[in-house]
Each structure stands twice: as structure tokens, then as C-alpha cells.
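Step one of this worksheet: look at the structure below.
In our numbering, the protein residues as written are 2 to 230.
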């Protein structure tokens, strides 16, 4: 099925909603991606600083890393390009700068492999690369559901944002209304990020997130914590 074939297809839309739902049983809720350490360090402590953090990670991380790679692996799944799948899977995992960020990528990827296998959505060939990551398997699920490339990128970014805000609501004195205000302001930012990510050539890919990497590394030895990263 063509990646673009799912446009205006209600079944593809339902598949996207299923894929980005917090109820998807892959355990994404257990990871904060360094945000819990940012709370502990006092870098993020209210609505304003939280919004600045997530927008910074979106601009300098997802837009230049996860989202353009997701677009590339969806094309690779459609074209049956096993070499491209392996290349981008390895490239992305090499750009996870701490043990916890790499572990999250691999554990969520493994969980999606199990889930897609149980749903009979794993292709016979090419199969998942060795130690498949979350982004590669998300791309497979999106392609198999007939979700368009831009909708898949937007859904991925939306799910990431919702998870970050869920982390904040659990660990900060931040109410649900404040989280919804951030979502409202971030909606056009997500759309712009998808458009920017879709235009990036290969030689402009790569995250620039030293603060997140530092927070994630410190989290590995943080005494009291709720999340796995």
C-alpha cells in the first residue's frame, strides 16, 4: 500500500489514533527523556519553563532527528529497502547520547515488534533490523496502516508532546489546564516542525541537545525518581 494511499481514509485515521494513543501497550509513559532531571535541577519548574523546554527539544531534537528519520524509514518500508532500514536504525541509535535514551529507543522498539507481531502486521520481508528502535517500528506501523508521511510525523510529535506533559503533570505542581494551554500554543509549532523536518537533506540531520543529554546522564544516578529516563 502506498504511503499516501491513506489520505482521507477513515481506517488510516483510526490507525493513527491507535498508534499515538497513551493506551498503546508499549510502556512509553515510563520514560521522561531527561525531563525528570530537569525538574530536579530546577531548570523546569513552571508552565513557562516547561513550554520553553519542550519547544527547545522539538526544535533542536525531533525536527532534526526523529521526524526526518521517521519519514525516511517509512519510505524504506514501502520500498522494501532493508539496507536503508538498517542504516537509519543504526544512525538514530548512535545519536542517543546516554544509556537511558538508547535503552528507551530499544525497549519501545522491542515492545512495538511484539505488539505488531500479535496484530499480524509484521512484514515477511524485509523484516525489522537487528535491535530495532522505536522510530523504525513506528514507521512500519504507520506504513502498514496507510498513514500519510506528514500525518505520521505529526502524530509522532503529538504523542511525544503528550507524554512530556503527562510527565510534568505527575512530577510538578502543574494542573491539567496548564498542560492544555501548552498544547494549544504548541499545535502550530508542531505543524511547522513537521514541515521543516520534511525538507531537511541527509547532511543536515542530527540533534543539538547538550542540556537534555546532561539531564539524562544525571538521571542515571538520581536518588529519587518516578521515571526510567
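In this text, a Cβ means the ideal position worked out from N, Cα and C, and glycines have one as well.
query	result
Cutoff 6 Å; reference residue 145; Cβ partners in own chain excluding five residues on either side	122
Stretch pair the stretch 103-117 + the stretch 50-64: three plus CB contacts closer than 8 Å	no
Environment of residue 188 [buried if 16+ CB atoms lie within 10 Å]	exposed
CB of residue 32 within 7 Å of CB of residue 45, strictly	no
Backbone CA spacing between residue 74 and residue 15 [nearest angstrom]	21 Å
Residue 38 classed as buried or exposed, judged by whether at least 16 other C-beta atoms fall within 10 angstroms	buried
Inter-residue spacing [alpha-carbon to alpha-carbon] between residue 71 and residue 142	11 Å
DSSP-derived helix/strand/coil call for residue 32	coil
Cβ neighbours of residue 113 in the same chain (closer than 6 Å, five flanking residues each side left out)	27 and 138
Nearest candidate by alpha-carbon position, reference residue 47, set 221, 166 and 193	166
Through-space distance from residue 211 to residue 88, alpha-carbon basis	24 Å
Residue 184 - containing alpha helix (DSSP H), residue span	177-200
For residue 44, the three-state DSSP class (helix, strand or coil)	coil
7 Å Cβ cutoff met for residue 95 and residue 86	no
Where residue 80 falls: helix, strand or coil (DSSP)	helix
For residue 168 and residue 36, believed in contact at Cβ under 8 Å, the rounded distance	5 Å
C-alpha distance - residue 18 paired with residue 98, whole-angstrom precision	30 Å
Contact check, residue 66 vs residue 208, beta carbons under 7 Å	yes
Expected contact under 8 Å - CB spacing of residue 154 and residue 68 to nearest Å	5 Å
Cβ-based burial, residue 6 [other Cβ within 10 Å; buried from 16]	Confidence at residue 6 is low in this model, with a pLDDT of 44, below 50, so its placement is unreliable and no value can be given for it.
Simplified DSSP state of residue 164, which is helix, strand or coil	helix
Closer than 7 Å to chain C by CB, residue 82	No chain C appears in this structure, which consists of one protein chain only.
Alpha helix (DSSP H) segment containing residue 218, residue limits	211-220
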